[in-house]
Structure formats: C-alpha cells, structure tokens
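Comments concern the structure below.
Protein chains in written order, with this note's numbering: chain P, 511 to 921; chain X, 5 to 248.
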C-alpha cells in the first residue's frame with residue numbers, strides 16, 4: 511500500500527503543472543417518491559421513498575493523465591437497498607449497496623492510444639431503449655422500466671487512427687445485471703409458485719475473464735462498426751431445485767452462461783432523418799442457451815425543439831432451448847419503439863417514450879416532465895403506464911403502473 | 005435598362021468578397037482557447053447561466069472545436085465536438101456524461117437551440133467565407149463606426165437553416181459587429197458583438213449577444229482568458245476524447 515502511495519505521489523508531482531487542472535467534484539442528491547396505485551400478490555407497498563447521493567471527483571494532473579472517482583450512497587423505505595454498512599466495489603449483490611464505488615479509474619493518453627483502467631462505464635450502444643451491442647453495460651432492474659446502468663471493472667485500450675477507432679476491453683470478472691427483488695412487485699411469480707417457499711441461493715459466477723473488441727468508423731457521411739465479445743450474458747438464467755419431498759420448497763440460483771456475440775452497427779445522417787441500427791448475434795456452447803440475433807432499427811428526426819425517434823426491435827432465434835431466464839433485452843424484442851422529446855425552454859423539457867409489442871400483448875408509456883428550479887434544483891415528474899396480457903413480459907407488470915416525483919440538488 | 009440592373013449586384017459581389025476574405029485573414033489563428041459565460045434571458049427576464057471552456061485547433065474550414073461545459077453542476081461534463089469542413093456543413097457529436105455515451109448531431113438538428121440557449125448548433129460552427137456568396141449592399145454607421153453591410157447566402161454545398169445573413173463589418177479593424185439571420189424575408193436571429201480588445205494582435209469581441217427575435221429571448225456570451233496560437237493536441241479533438 512505504501513509503495514502504491516509513493517508511486518501515485520510521484521506521478522502527481524512528475525506531471526507538468528501547466529497542463530494540470532483544478533480537481534473538480536460534481537455531485538447531486540436526489541429524493542424520489544414512487545406511487546403505485548395497485549397492490550400486487552407479492553407486494554402490498556404502494557408508496558416508496560428513495561434517496562441517492564452521488565459524489566464524483568475528477569482530477570487531471572497532466573494532459574495525459576486523469577483520475578476519476580465516484581461513490582453512491584443510497585437509502586430506501588422498501589428494503590430495496592442492502593442493509594449493510596460497507597463500501598461495495600463489485601456491484602454483484604441482489605440489492606443495490608448502501609455505499610458503492612461508482613467509478614474509480616485512471617485514464618492514460620499516449621498519442622493515439624488511450625488506456626482506461628479501473629471501475630468505469632463502457633457503452634457501445636447507438637440505439638435507444640434496446641442495445642444488443644452493449645455487452646459491457648449491465649443494468650439494475652430493481653425497477654424494470656427505469657433501469658440504471660451499472661459500471662464494470664476492467665481495462666479498456668482505445669486506438670484512434672483518424673476516423674477509425676479500435677477498442678479492446680478486458681474485464682477480469684462479470685458484473686451482472688441486477689434482477690428484481692423476488693419478494694417485490696417487479697418479480698411476477700407464476701400461479702404454480704403460490705405457497706412455495708423460495709430459497710435464494712444467490713449467484714454462481716465463473717472466475718473467467720471477459721474480452722471484447724470493437725472497430726468503429728466515424729466518418730462525415732456515415733458511421734459504422736463491428737464488435738466481438740467473448741464473455742458472459744449479464745442477464746441471469748435461473749436454476750431451480752426442489753428442496754423437499756413434498757415439493758413445497760425450492761432453491762433458486764442465478765447463473766450466467768458463457769456466450770460469444772458478434773455485433774454490427776451503423777448510423778447514416780441525411781438531410782431529413784438519421785437512420786440508426788445495431789444488432790448482435792449470440793452463440794454459446796452451453797446447452798441451456800438459445801442462439802439468437804437481436805437487432806434495433808430506428809429513424810430519428812429533429813424538428814425545431816422536437817426530437818422524434820421511431821423504431822423496431824426484432825429477434826431471430828436459430829436454436830431454441832427455452833431456458834428459465836430473466837432477460838429484459840430479449841423480452842423487449844419484437845416491439846415497436848417511439849420516443850419524443852421537446853425542449854420547452856432552457857429550463858423545462860418534456861419527453862414521452864412508448865414500447866409496444868408487435869402482437870399487441872403488452873406496452874408501456876413513460877412520460878417525463880423536468881424543470882430546473884433556480885440554478886441548483888431540478889424537479890422531475892414521471893408517470894408510467896404499463897398494460898397487457900399476463901403471459902407477456904410487459905403485460906405481466908400491468909399492476910405496476912406508477913408515478914415518480916424526483917427532486918434533485920446538484921452541486 | 006435590364007443591363008445595369010443585372011450588372012450592379014455582380015459588381016457588388018466583386019467588392020464584397022475581398023472585404024470578407026480580409027476579415028477572415030485577420031482573424032485566422034492556428035488555435036484558440038477561452039472560458040465562456042453563457043447567460044440566457046427569456047421574454048420575462050429570467051436567466052440561466054452556463055460556463056464552458058472552448059478550444060479550437062486549426063483554422064477556417066479545416067478546424068476542430070471542442071466545448072466542455074463546466075457549470076452549472078447538472079450540465080458539467082457535457083461536451084460537444086465540431087469538425088468543420090471547407091466545402092460542407094460541419095460534423096458534430098455530443099457527449100452526455102449521465103448516459104456515458106456520445107450522440108451524433110444529425111444534419112437536420114442544426115437549427116435546434118444549443119442547450120436551451122439562443123445559439124443554434126449551426127451558429128456555433130466556424131464561419132468560412134468560401135462557403136457563402138457575398139454581396140456588398142451598403143455602407144452604414146454602426147456602434148459609432150463606419151461599416152460595410154454585406155449579404156451572405158450559403159452555397160448549396162453548405163446546408164443552412166438561414167435563407168440569407170446580413171453582416172456588418174467594421175472598416176477600422178474588419179471585425180464583424182452584427183449578423184442578422186433571415187428565414188425567407190424574416191429576421192429570426194441577431195448576433196451583436198462588442199467589447200473588442202486586441203489579443204495577440206487579433207481584434208477579439210469579448211461579448212456576443214444572440215437575440216431570438218421570434219421568441220423574444222436572448223443569450224449573452226462573455227469571453228474570458230482568450231488565448232490564440234497555443235499548443236493543443238490533435239488527439240484531444242476526437243469523439244473518443246469527448247469523454248475525458
């Protein structure tokens with residue numbers, strides 16, 4: 511530890527003071543209230559309070575070196591935050607940690623090469639709502655419709671050669687997407703599970719690393735890219751086991767199948783619209799895993815202060831094993847997507863997002879009104895309507911329509 | 005009678021181009037950096053403030069610009085990369101830290117107001133004289149100084165939201181002190197530059213006020229710590245570098 515401190519101090523003093531920038535610590539505190547008009551069979555709570563304090567620190571001691579650190583502190587009235595006072599580094603637990611390291615990374619630039627080392631976000635996505643090529647971007651599905659991205663731990667090397675970018679990612683371990691809590695409304699259990707005692711045995715993680723590579727062309731007329739990932743599906747499959755002879759108790763274990771994905775993306779801006787698409791094909795040697803392709807195609811149009819997006823998310827299954835899994839990405843495929851945003855004035859924005867299944871069995875409609883109050887505060891109101899059939903991924907949440915009011919203090 | 009009517013604008017165009025070229029030559033620098041303060045005032049007089057660091061590498065038609073927002077906290081970290089081209093409209097990408105991803109600003113987006121200010125994305129592009137047909141309309145006194153009044157119409161290769169722009173260029177130092185931007189025959193935006201100070205030999209307006217005449221709102225951009233011809237790294241002007 512002493513040696514690390516000495517090296518870190520040496521780096522800081524070695525850096526040219528001319529290129530140094532003053533450390534900067536942006537952050538915010540946000541209080542949210544969620545109201546659910548309906549109860550669900552496994553959750554009677556209709557009002558939930560949530561608090562998040564996010565604090566980041568950015569220090570650039572030299573033009574070639576930058577450090578970023580960030581932490582989240584969370585509290586929740588409905589047991590949706592881990593009730594343990596510790597600093598979480600891995601983000602692998604079933605509940606969001608009370609205190610977690612959100613980012614802790616160094617960025618080193620040497621000419622055309624950039625290295626990002628540590629806990630960071632890696633986003634490859636180009637489309638909205640559904641992102642098949644975003645293989646290193648797990649999400650927290652504690653609220654399925656309002657899922658936040660999670661950081662990952664590892665290294666990323668980026669080589670910039672004019673309009674071409676080559677990116678190589680290595681993650682020593684998997685950061686999984688967080689499933690909804692089993693005892694709460696976003697876990698809709700089948701009727702046959704009524705009365706069953708469910709024992710959550712947690713997750714079974716492989717010790718293998720994940721790797722990925724992406725080539726991206728950023729040209730004036732179009733953008734395109736190809737990517738390859740050898741890693742794990744960050745969405746879990748669920749292994750169940752009957753624990754007693756009467757069949758009244760089962761255990762549940764989350765597993766993460768090893769997969770390879772082959773991705774492609776492009777965007778073509780034209781005078782009238784921008785056409786965006788991304789897709790990936792997933793294969794696995796594990797017998798429980800389907801082989802399939804996911805794709806999203808969207809058109810985007812800006813009209814004055816209006817931004818309109820229309821698209822379709824599709825799926826092609828080439829080998830079907832029908833595993834028991836929680837995979838919102840696949841489950842949202844075969845859907846039409848629409849998004850509309852309007853900047854009312856410098857302080858107010860309105861947005862509406864809609865996803866509807868092509869068979870009409872489920873949809874959600876999410877509105878958002880956001881208004882700045884003074885220089886530091888922002889109020890955001892979000893009504894969410896979910897409807898559909900019980901056997902549809904979206905439709906099963908038709909008792910989870912809700913309203914969110916959030917007040918944020920930025921500093 | 006038709007002859008002189010046709011010939012007059014041709015002569016005027018011949019007169020205008022050297023003026024615009026000279027104005028551009030005098031403003032040409034290899035790089036630039038300044039700290040900007042943006043203050044937006046709506047029709048009710050309410051304001052919002054944003055601060056940014058502006059950096060440009062290269063000059064007219066071959067330049068790259070990067071803007072990093074620093075205040076207020078909720079937009080801090082947002083960055084915009086503008087890659088200017090000599091013969092066509094620029095390419096632009098925006099980095100939003102909350103989403104941790106970059107987004108290309110499509111060609112049709114450029115009439116959109118930039119972050120709720122009265123500047124559109126197009127207004128942030130570097131002005132390249134060769135991308136416009138210029139015509140000398142008149143000579144007028146503006147802000148107490150003699151100025152050339154010149155009409156600029158974007159060439160077909162440069163997609164523009166504006167039908168035409170009228171520029172007032174000061175005779176004393178070739179600074180552009182006012183630009184009226186038209187859609188059809190209506191003035192939609194007016195940019196007024198003032199507080200000109202000479203920095204490293206370059207006459208530099210330290211205050212610009214963009215007025216949206218349709219909305220009745222205006223945005224004031226105040227420049228501070230202006231530097232020219234400083235050493236900047238090309239690797240800091242890429243989509244990849246936006247996130248740093």
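All residues carry an ideal CB built from backbone N, CA and C; glycine is no exception.
The beta-carbon of residue 133/X is placed no less than 7 Å from the nearest beta-carbon of chain P.
A contact is defined here as three or more CB-CB pairs under 8 Å, and the region 34-42 of chain X fails this definition with respect to the region 98-116 of chain X.
For residue 817/P, same chain residues with a beta-carbon under 6 Å away, outside a window of 5 residues either side, are 851 in chain order.
Close partners of residue 242/X in chain P (Cβ separation under 7 Å): 670.
By the Cβ criterion, the region 786-803 of chain P is not in contact with the region 78-95 of chain X, since fewer than three pairs of Cβ atoms, one from each stretch, lie closer than 8 Å. When secondary structure is reduced to three states using DSSP, residue 905/P falls in the helix class. In the DSSP assignment, residue 182/X is bridged to 172/X and 196/X. About 5 Å separates the beta carbon of residue 824/P from that of residue 805/P, a gap short enough to meet the 8 Å contact definition.
Per DSSP, the unbroken beta strand (DSSP E) holding residue 788/P starts and ends at 784-793. Beta-carbon to beta-carbon, residue 843/P and residue 746/P are separated by about 18 Å, too far to satisfy the 8 Å threshold. Here the alpha carbons of residue 125/X and residue 671/P stand approximately 27 Å from one another.
In the DSSP assignment, residue 838/P falls outside any beta strand (DSSP E) and lies within the alpha helix (DSSP H) extending over 838-841. Interface annotation, residue 105/X: in contact with chain P, CB-CB separation under 7 Å. Note that the region 765-778 of chain P does not touch the region 613-631 of chain P; fewer than 3 beta-carbon pairs, one per stretch, sit closer than 8 Å. Sequence-distant Cβ neighbours of residue 868/P in its own chain, meaning closer than 7 Å and more than five residues away, are 844, 845 and 846. Taken in chain order, the members of the region 840-872 of chain P whose beta-carbon sits within less than 8 Å of a beta-carbon on chain X are 853, 855, 856 and 857. If only complete runs of 3 or more residues are kept, the region 545-600 of chain P shows the beta strand (DSSP E) at 557-572 and 575-586, in order along the chain. Remark: three or more beta-carbon pairs, one from each stretch, lie closer than 8 Å, so the region 172-184 of chain X and the region 144-158 of chain X are flagged as touching. Membership of residue 626/P in the beta strand (DSSP E) is indicated by the continuous run 623-630. When the beta-carbon positions are compared, residue 695/P and residue 553/P come within less than 7 Å of each other. Apart from the 5 residues on each side of it in sequence, residue 782/P sits with its Cβ closer than 8 Å to the Cβ of 811 in its chain, given in chain order. Beta-bridge pairing by DSSP links residue 892/P to 914/P. The Cβ neighbour count for residue 678/P, taken over all protein chains shown within 10 Å, is under 16; the residue is labelled exposed. A contact between stretches requires three or more CB pairs, one per stretch, nearer than 8 Å, and the region 695-713 of chain P meets this requirement with the region 749-762 of chain P. What residue 239/X touches in chain P, judged by beta-carbon distance under 7 Å, is 619, 621, 622 and 670, going in chain order. Rounded to whole angstroms, residue 778/P and residue 231/X show a C-alpha spacing of 36 Å. Close CB contacts of residue 204/X within its chain, under the 6 Å cut and outside five residues either way in sequence, are with 232 (chain order). Cβ contact annotation for residue 184/X (same chain, cutoff 7 Å, sequence separation greater than five): 169, 170, 191 and 194, in chain order. Taking all protein chains shown into account, residue 797/P has fewer than 16 neighbouring C-beta atoms within 10 Å of its C-beta and is therefore exposed. Secondary structure note for residue 675/P: its beta strand (DSSP E) is the uninterrupted segment 674-681. Within 10 angstroms of the beta-carbon of residue 819/P lie 16 or more other beta-carbons, which makes it buried. Taking 7 Å as the threshold, the shortest C-beta distance from residue 773/P to chain X does not fall below it. From the beta-carbon of residue 100/X, no residue of chain P is found nearer than 8 Å; the closest lies around 10 Å away. Under the Cβ distance rule, residue 78/X counts among the residues neighbouring chain P, one pair being separated by less than 7 Å. In the three-state scheme derived from DSSP, where H, G and I count as helix and E and B as strand, residue 701/P is classed as helix.
Contact between the region 123-140 of chain X and the region 156-165 of chain X is present: three or more C-beta pairs spanning the two stretches fall below 8 Å.
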